[in-house]
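**Q** Chains as they are written, first to last, in UniProt numbering: chain A, 1 to 306; chain B, 1 to 306; chain C, 1 to 267; chain D, 1 to 267. All C-beta atoms in this analysis are idealised placements derived from N, C-alpha and C, irrespective of residue type, glycine included. Here the structure is a predicted model, which means the values were calculated and not measured.
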Ligand SMILES: Cc1cc2nc3c(=O)[nH]c(=O)nc-3n(C[C@H](O)[C@H](O)[C@H](O)COP(=O)(O)OP(=O)(O)OC[C@H]3O[C@@H](n4cnc5c(N)ncnc54)[C@H](O)[C@@H]3O)c2cc1C
Ligand SMILES: Cc1cc2nc3c(=O)[nH]c(=O)nc-3n(C[C@H](O)[C@H](O)[C@H](O)COP(=O)(O)OP(=O)(O)OC[C@H]3O[C@@H](n4cnc5c(N)ncnc54)[C@H](O)[C@@H]3O)c2cc1C
Ligand SMILES: Cc1cc2nc3c(=O)[nH]c(=O)nc-3n(C[C@H](O)[C@H](O)[C@H](O)COP(=O)(O)O)c2cc1C
Ligand SMILES: Cc1cc2nc3c(=O)[nH]c(=O)nc-3n(C[C@H](O)[C@H](O)[C@H](O)COP(=O)(O)O)c2cc1C
Ligand code: FES
Ligand code: FES
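This is the structure in structure tokens:
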């Protein structure tokens with residue numbers, strides 16, 4: 001009996017454990033530490049239409065119990081992904097591949113979604129709406145409900161693949177945004193992306209990151225992630241992919257109980273490259289010890305009605 | 001030469017080090033560890049018109065590099081503060097006292113501000129707008145610019161004491177809120193209050209806190225606090241009182257360089273009861289070693305124009 | 001109240017998940033009073049709050065403090081790795097302990113499991129001027145093994161275990177009732193699972209005995225600065241860290257029992 | 001690449017802020033190649049990222065690795081407290097090291113300060129089949145003391161210090177130019193402050209010599225999964241953790257010098 005078997009947005013997964021976009025390259029980078037096919041799904045680095053060099057200067061800063069990154073979506077572009085990377089991973093990664101897609105305008109999102117549509121290996125799309133919307137004065141797509149709804153709708157119209165909309169936590173009301181992307185056809189929501197933060201080099205009297213600001217991730221953000229997942233999972237009917245600081249089996253259980261149907265591991269893998277395996281084994285053990293036939297039974301267990 | 005002497009909202013302070021509301025009781029609780037008169041100012045526990053018992057159930061949860069609290073504004077009420085507490089601390093605390101005030105409606109804020117106006121010992125008001133606004137469907141006063149502006153204006157109209165408006169970080173655009181409270185007469189802004197978070201007890205399958213959600217504070221939130229202080233201090237002309245995770249001398253310097261004219265210590269005091277003294281001595285040493293006549297010279301040093 | 005860096009001179013497993021830590025700490029050992037506690041700082045900075053641990057025993061002459069602790073989560077697990085010679089930062093002594101200013105009284109001490117930790121020093125503080133009877137209750141023999149560490153004739157301790165592996169098969173209240181059927185006591189001190197203490201307090205009240213109980217709450221500051229540990233009592237809100245952890249049972253028990261403001265002790 | 005728990009067998013101060021740590025780690029000692037590095041996990045969980053530290057020396061027979069480190073911040077400060085017998089988690093060996101597949105060449109090795117750390121094992125890996133000359137440069141005598149730990153006759157090492165406390169009074173490039181005025185070399189390996197390496201690379205290029213340089217960047221994953229350590233090169237974006245840390249100087253130097261994408265090494 002596989003107690004971890006999970007169906008998420010129509011995909012049959014061995015388990016509810018995925019990788020967080022941007023923390024697992026394109027799937028093979030950690031293969032010396034564990035077999036990526038042990039994962040429920042592999043979410044790859046955020047892609048854009050054109051290749052991007054990302055931000056200049058220092059891009060990583062450690063913070064207490066967390067880290068900041070300002071890689072700025074460095075990626076080889078959708079062409080390279082389609083023509084080179086999918087070939088490199090072909091046969092080597094049999095777990096479903098999910099691409100994380102990004103644009104500067106709704107048109108760019110639509111364009112890249114169309115490109116992904118024809119890539120067989122890709123089983124679902126994670127729509128990252130945390131990026132600044134250049135047409136909207138640089139405020140993130142995910143910051144305004146109408147805009148979040150519009151981009152979701154536009155992408156849904158051009159793809160048959162399930163669309164998981166990845167929400168930014170840097171908002172006053174994440175529930176409102178989750179609801180509107182649900183209304184506009186999202187198959188699931190993923191949360192949380194990074195919290196906007198910064199760090200200062202007191203010797204140089206300058207921000208540590210070349211880009212000044214960066215995204216905060218890791219254990220430090222866990223309580224915020226759990227709160228948002230708990231709120232959103234009660235407000236929408238679509239499933240939630242939970243992430244933000246998971247670094248142990250107990251953390252994973254907390255996220256499931258908060259209402260995440262599946263989880264993504266990011267910074268936790270940097271801290272411990274075999275974390276996905278440890279969580280997989282830990283969840284199995286938890287099910288056996290607690291007489292649980294399937295891990296999905298604990299999803300949302302901490303909700304008030306349970 | 002006192003290199004730490006600072007003027008903040010018209011108050012002459014020995015140094016820019018204050019306590020964070022709710023983390024230092026009413027000023028004498030830590031007196032066995034250090035003399036509270038070593039502080040630039042003492043910000044006392046949030047007060048309401050009526051005494052409040054606060055939230056029931058567990059109110060404290062530790063999180064990675066941080067903590068959650070849901071004390072729910074337990075406080076003895078303004079009467080008790082005026083009639084009993086000000087007498088208890090009279091003569092014992094000579095550093096300026098700043099009261100943190102809270103209401104459920106604008107009227108309540110006005111009422112309590114009027115009461116504070118007549119209390120001689122209180123040298124300034126910290127207006128906490130992170131509480132839910134009962135008349136506005138429970139969304140925090142600090143979450144909507146118009147409301148934040150309105151409460152600031154109403155309080156300013158009934159007091160002659162400087163008003164420091166304390167902002168909630170749980171918003172999409174903290175700069176917009178800072179600007180509107182500035183326009184409405186705030187003498188300074190204080191940030192950040194706690195990030196809304198939660199924690200789950202996986203054995204009980206329930207939220208750890210009786211109130212489900214709580215406020216995240218401590219080192220974990222430092223990067224978010226620094227980012228917001230950096231943004232706000234460049235956008236407004238009034239001074240910024242910075243806080244959120246300060247637990248070392250270097251942290252204090254980071255906050256000053258980010259643009260805070262003064263700093264408050266909260267959770268860091270729980271971690272190390274003599275932190276305020278260590279920071280005071282550390283800042284003095286920093287000034288001497290770096291040939292700085294007054295610590296205010298480094299305020300905003302990390303800003304781009306510097 | 002102060003901060004002191006103590007030096008660990010012993011830190012050993014006492015069976016199951018129980019550990020005894022002996023610390024050399026001059027000021028702390030002298031200042032400690034029965035029922036008070038120290039906040040012990042974890043070395044791992046990811047855990048920012050001190051762990052409240054009761055004074056198990058204080059040897060004022062040799063400047064030594066004993067802590068008896070159970071591994072519950074990551075913090076107490078971390079404690080088990082501390083080596084002899086390592087320093088730990090103590091904040092304390094904190095709180096209001098037991099009333100030990102008694103003379104010529106018949107005292108009944110009822111401990112349940114880890115609740116027996118603070119009672120060793122209580123017994124030391126009152127046994128010379130009073131007559132003391134001790135009930136040591138727990139799940140099984142492991143849970144009451146802490147009594148071996150008391151400076152008290154083991155044969156004079158009344159044991160009660162749920163599984164009967166040692167002493168009476170039954171709980172603390174069963175043992176208490178049995179004693180009360182034969183003897184009268186002036187005061188009961190109790191520490192253990194909240195439900196046990198409530199039951200003990202009720203029996204005490206039925207017998208018109210004064211009863212002091214020791215509570216647990218999650219704490220951040222330990223000095224009544226954060227009101228995180230506040231509980232509702234008959235005398236209004238009280239801070240477990242400062243007004244307690246020891247309270248007169250009558251101000252605590254039966255306060256709004258539907259509201260979960262009593263005690264976080266989930267045992 | 002793998003994870004291994006090594007056991008510390010030595011961890012001593014080498015003067016100033018410099019430390020030498022010897023670790024017993026079977027797989028790691030055997031797998032290590034000159035110029036590669038390990039990410040060392042801090043014990044204090046508040047520091048979540050591994051610290052990249054070069055392989056100073058690997059004794060394959062005795063399964064021992066040497067790390068030579070300087071205290072920079074809290075992480076390396078923490079390292080100094082690790083005791084003999086304590087375990088440390090190593091992730092590695094990571095990255096692309098120096099080209100050590102040379103035979104019969106005249107090799108010039110130019111190290112500056114802590115940049116000399118990876119060069120010990122480089123020298124060990126090439127000295128038998130080639131002729132090696134070493135320049136050890138640094139601020140003062142303390143900064144070049146690391147050379148004492150090389151398995152190389154000290155009198156054959158050319159020292160250069162800014163303050164002249166040992167060897168030539170001058171920098172690495174001064175020493176290099178002096179050597180080049182007398183001799184020809186086939187290849188230069190260099191590691192040290194970025195400005196020094198750039199200057200060394202320029203001189204090498206003027207003399208038509210191949211030059212390998214070893215870069216530093218802040219890292220999160222160490223395995224090219226996060227692109228945090230990416231830098232712009234003449235061959236496009238490269239990851240210092242995997243494509244480097246050792247690069248041919250020509251692909252790095254003079255790339256868009258106005259953009260701060262080169263190297264975080266602020267020394
Ligand atoms: C006044 C007082 C005296 C105590 N004396 C003893 C003693 O002598 N021996 C002993 O073994 N235990 C004692 N405890 C309980 C002890 O404090 C907890 O077991 C310990 O804090 C658990 O820490 P952890 O990191 O292992 O557990 P975790 O559950 O990982 O801790 C998470 C957080 O919750 C807090 N916490 C968890 N359980 C409790 C609890 N029961 N009470 C208060 N805070 C808790 C921790 O301090 C920490 O902040 C006492 C508690 C109080 C309030
Ligand atoms: C490939 C490589 C090999 C290295 N080899 C050695 C060596 O053999 N000996 C040695 O003493 N040092 C070496 N360093 C530098 C060493 O990694 C840093 O000095 C160390 O990480 C500082 O950690 P800290 O916690 O003391 O400092 P902090 O400044 O507190 O560290 C904060 C964060 O920045 C990172 N960081 C700080 N400085 C550097 C740096 N120069 N390079 C990369 N990350 C940095 C830390 O890893 C940490 O994530 C090497 C760096 C790299 C990239
Ligand atoms: C180095 C790094 C790169 C990231 N890149 C992306 C990205 O390209 N697209 C995206 O949606 N999220 C990206 N993220 C966010 C993560 O996918 C994840 O949402 C966040 O880090 C919180 O999870 P964690 O704490 O487990 O890392 C990135 C995070 C990190 C640390
Ligand atoms: C236990 C506790 C109680 C608090 N009570 C108040 C309060 O009454 N009013 C208020 O404005 N902020 C309150 N705060 C927020 C702090 O003043 C501060 O803004 C926040 O904790 C961030 O700073 P820190 O990380 O240094 O603690 C409280 C924080 C804590 C931890
Ligand atoms: S722990 Fe802060 S008031 Fe008791
Ligand atoms: S450190 Fe992650 S790609 Fe190099």
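1) Could you pull the DSSP bridge partners for residue 272 of chain A from this structure?
2) Pull up the CB-CB distance for residue 228 of chain C and residue 142 of chain C, whole angstroms please, since I reckon it's below 8 angstroms.
3) Would you tell me roughly how many angstroms separate the C-alpha atoms of residue 209 of chain B and residue 144 of chain B, rounded to the nearest one?
4) Measuring only the C-alpha atoms, how far is residue 177 of chain B from residue 238 of chain B?
5) So, using beta-carbon positions, are residue 279 of chain A and residue 287 of chain A closer together than 8 angstroms?
6) To which residues of the same chain is residue 273 of chain B closer than 8 angstroms at the C-beta, ignoring the five residues directly before and after it?
7) List in chain order: all unbroken beta strand (DSSP E) runs of 3+ residues lying wholly within the stretch 120-165 of chain A.
8) Following a CB-centred definition, is residue 224 of chain C positioned closer than 7 angstroms to any heavy atom of ligand 8?
9) Measure from the alpha carbon of residue 228 of chain B to the alpha carbon of each residue in B:162, B:158, B:204 and B:193, then state which is nearest.
10) Examine ligand 3 and report whether any of its heavy atoms sits within less than 7 angstroms of the Cβ of residue 24 of chain D.
11) Comparing the CB of residue 143 of chain D with every heavy atom of ligand 5, is any distance shorter than 7 angstroms?
12) Which runs of the alpha helix (DSSP H) fall wholly inside the stretch 167-255 of chain A and span at least 4 residues, in chain order?
13) On the DSSP letters alone, give me the boundaries of the alpha helix (DSSP H) that residue 176 of chain C sits inside.
14) Does the beta carbon of residue 166 of chain B fall short of 7 angstroms from some heavy atom of ligand 4?
15) Count the other CB atoms within 10 Å of the CB of residue 291 of chain A; is the residue buried (16 or more) or exposed (fewer)?
16) Within 8 angstroms (strictly less), CB to CB, does residue 46 of chain D reach chain C?
17) Ignoring anything shorter than 4 residues or poking outside the stretch 5-80 of chain A, list the alpha helix (DSSP H) runs there in chain order.
18) Can you list, in chain order, the residues of its chain whose CB lies under 8 angstroms from that of residue 11 of chain D, leaving out five sequence neighbours each side?
19) Can you tell me the Cβ-Cβ gap for residue 115 of chain B and residue 78 of chain B, rounded? I've got them flagged as a contact below 8 angstroms.
20) Quick check: does the Cβ of residue 49 of chain D come within less than 7 angstroms of any heavy atom belonging to ligand 2?
21) Using a beta-carbon distance cut-off of less than 8 angstroms, what residues from the stretch 8-39 of chain B approach chain C?
22) Would you mind giving the Cβ-Cβ distance between residue 224 of chain A and residue 233 of chain A, rounded to the nearest angstrom? I have them listed as a contact below 8 angstroms.
23) Under 8 angstroms, Cβ to Cβ, is there at least one residue of chain A near residue 222 of chain B?
24) If residue 44 of chain B sits next to residue 97 of chain B, beta carbons under 8 angstroms apart, how far is it from one beta carbon to the other, in whole angstroms?
25) Going by Cα to Cα distance, which pick from D:42, D:13 and D:46 is closest to residue 68 of chain D?
26) May I have the straight-line CA-CA distance separating residue 135 of chain C from residue 289 of chain A, to the nearest angstrom?
27) Take residue 268 of chain D and list the residues in its own chain whose beta-carbon comes closer than 7 angstroms to its own, dropping the five residues that flank it on each side.
28) Could you work out which residues of chain D lie near residue 74 of chain A, taking near to mean beta carbons separated by less than 8 angstroms?
29) Just grab the DSSP bridge partners of residue 55 of chain C for me.
30) Does the CB of residue 191 of chain D have a neighbour CB from chain A at under 8 angstroms?
31) With respect to 7 angstroms, is the separation between the Cβ of residue 20 of chain B and the closest non-hydrogen atom of ligand 5 below this value?
32) What does DSSP give as the partner residue(s) for residue 38 of chain D in the beta ladder?
33) Residue 258 of chain D CB to nearest chain C CB: under 8 angstroms?
34) Determine the direct distance from the alpha carbon of residue 86 of chain C to that of residue 121 of chain C, and round the result to whole angstroms.
35) Let me check understanding here. Comparing Cα to Cα, which of C:103, C:114, C:137 and C:110 lies closest to residue 128 of chain C?
36) Which chain B residues are close to residue 59 of chain A, counting only those with a beta carbon under 8 angstroms from its beta carbon?
**A** Reading off the structure:
1) Taking the first residue of the first chain as 1, we reach residue 272 of chain A at position 272. Under DSSP, residue 272 of chain A shares a beta bridge with no residue.
2) Translated into the one-based positions of the third chain, residue 228 of chain C becomes position 228. Translated into the one-based positions of the third chain, residue 142 of chain C becomes position 142. Between residue 228 of chain C and residue 142 of chain C, the beta carbon gap of about 32 angstroms keeps them out of contact (Cβ cut-off 8 angstroms).
3) Here residue 209 of chain B refers to the residue found at position 209 of the second chain. Here residue 144 of chain B refers to the residue found at position 144 of the second chain. Per the coordinates, the alpha-carbon of residue 209 of chain B lies some 27 angstroms from the alpha-carbon of residue 144 of chain B.
4) Taking the second chain and counting its residues from 1, one reaches residue 177 of chain B at position 177. Taking the second chain and counting its residues from 1, one reaches residue 238 of chain B at position 238. Take the alpha-carbon of residue 177 of chain B and the one of residue 238 of chain B: they are about 13 angstroms apart.
5) As a first step, residue 279 of chain A must be located in the first chain, where it is residue number 279. As a first step, residue 287 of chain A must be located in the first chain, where it is residue number 287. No, Cβ-Cβ distance for residue 279 of chain A and residue 287 of chain A is not below 8 angstroms.
6) Taking the second chain and counting its residues from 1, one reaches residue 273 of chain B at position 273. Cβ neighbours of residue 273 of chain B beyond the five flanking positions: 30, 33 and 34.
7) The DSSP assignment places 122-128 as complete runs of the beta strand (DSSP E) inside the stretch 120-165 of chain A, in order along the chain (cut-off: 3 residues).
8) Ligand 8 is not among the ligands present in this structure, which contains only ligand 1, ligand 2, ligand 3, ligand 4, ligand 5 and ligand 6.
9) Here the question's residue 228 of chain B lines up with position 228 in the second chain. Taking residue 228 of chain B as reference, the option from B:162, B:158, B:204 and B:193 with the minimal CA-CA separation is B:193.
10) In the fourth chain, the residue the question calls residue 24 of chain D occupies position 24. Outside the cutoff, so no.
11) Indexing the fourth chain from 1 puts residue 143 of chain D at position 143. No, the Cβ of residue 143 of chain D stays beyond 7 angstroms of every heavy atom of ligand 5.
12) Look at the stretch 167-255 of chain A and you find these whole runs of alpha helix (DSSP H), each 4 residues long or longer: 174-183 and 222-235.
13) On the third chain, position 176 is the one that residue 176 of chain C refers to. First-last of the alpha helix (DSSP H) with residue 176 of chain C: 172-180.
14) Counted from its first residue, the second chain places residue 166 of chain B at position 166. In this structure, residue 166 of chain B has its beta carbon less than 7 angstroms from a heavy atom of ligand 4.
15) Taking the first residue of the first chain as position 1, residue 291 of chain A is located at position 291. By the neighbour-count definition (other C-beta atoms within 10 Å, threshold 16), residue 291 of chain A is an exposed residue.
16) As a position in the fourth chain, residue 46 of chain D is number 46, starting the count at 1. It does: the Cβ of residue 46 of chain D has a partner Cβ on chain C nearer than 8 angstroms.
17) You should have 77-80.
18) Counting from one through the fourth chain, the residue named residue 11 of chain D turns up at place 11. Only residues of its own chain outside the window of five on either side were considered, and among them 19, 20, 21, 22, 79, 80, 82, 83 and 84 have a CB closer than 8 angstroms to the CB of residue 11 of chain D, listed in chain order.
19) Residue numbering aside, residue 115 of chain B sits at position 115 when the second chain is read from its first letter. Residue numbering aside, residue 78 of chain B sits at position 78 when the second chain is read from its first letter. Contact flag correct, Cβ pair sits at about 5 angstroms.
20) As a first step, residue 49 of chain D is located in the fourth chain; it is residue number 49 there, counting from the start. The answer is yes for residue 49 of chain D.
21) Within the stretch 8-39 of chain B, 22, 23, 24, 25, 29, 30, 32 and 33 place their CB atoms closer than 8 angstroms to a CB of chain C, listed in sequence order.
22) Numbered from 1 along the first chain, position 224 holds the residue referred to as residue 224 of chain A. Numbered from 1 along the first chain, position 233 holds the residue referred to as residue 233 of chain A. Rounded, the Cβ-Cβ distance is 15 angstroms, inconsistent with contact.
23) Taking the first residue of the second chain as position 1, residue 222 of chain B is located at position 222. The C-beta of residue 222 of chain B comes closer than 8 angstroms to at least one C-beta of chain A.
24) The sequence position of residue 44 of chain B within the second chain is 44, counting from 1. The sequence position of residue 97 of chain B within the second chain is 97, counting from 1. Going by Cβ atoms, the distance from residue 44 of chain B to residue 97 of chain B rounds to 6 angstroms, so yes, they are a contact pair.
25) Mapped onto the fourth chain, residue 68 of chain D falls at position 68. Looking from the CA of residue 68 of chain D, the closest CA among D:42, D:13 and D:46 belongs to D:13.
26) Stepping through the third chain from its first residue, residue 135 of chain C is reached at position 135. Stepping through the first chain from its first residue, residue 289 of chain A is reached at position 289. Distance between the alpha carbons of residue 135 of chain C and residue 289 of chain A is about 35 angstroms.
27) Because chain D spans 1 through 267 in this model, residue 268 of chain D falls outside it and cannot be assessed.
28) Numbered from 1 along the first chain, position 74 holds the residue referred to as residue 74 of chain A. Here the neighbours are 227, 230 and 237.
29) Here residue 55 of chain C is taken as the residue at index 55 of the third chain, counted from 1. Within the DSSP secondary-structure output, residue 55 of chain C pairs in no beta bridge.
30) Stepping through the fourth chain from its first residue, residue 191 of chain D is reached at position 191. Not one chain A Cβ lies under 8 angstroms of residue 191 of chain D.
31) The sequence position of residue 20 of chain B within the second chain is 20, counting from 1. Checking the Cβ of residue 20 of chain B against ligand 5 gives no.
32) Taking the first residue of the fourth chain as position 1, residue 38 of chain D is located at position 38. Looking at the DSSP assignment, residue 38 of chain D forms a beta bridge with D:53.
33) Sequence index remark: in the fourth chain, residue 258 of chain D carries index 258 (1-based). The predicted position of residue 258 of chain D is uncertain, since its pLDDT is 42 and thus under 50; a value taken from the coordinates is nonetheless stated next. Chain C contact via Cβ: absent.
34) Sequence index remark: in the third chain, residue 121 of chain C carries index 121 (1-based). Sequence index remark: in the third chain, residue 86 of chain C carries index 86 (1-based). Each residue's Cα considered, the two are about 24 angstroms apart.
35) The count along the third chain starts at 1 and reaches residue 128 of chain C at position 128. Of the candidates C:103, C:114, C:137 and C:110, the residue whose Cα lies closest to the Cα of residue 128 of chain C is C:103.
36) Start at 1 with the first residue of the first chain, and residue 59 of chain A comes out as number 59. Contacts between residue 59 of chain A and chain B, judged by CB atoms closer than 8 angstroms, are missing: the closest CB pair is about 14 angstroms apart.
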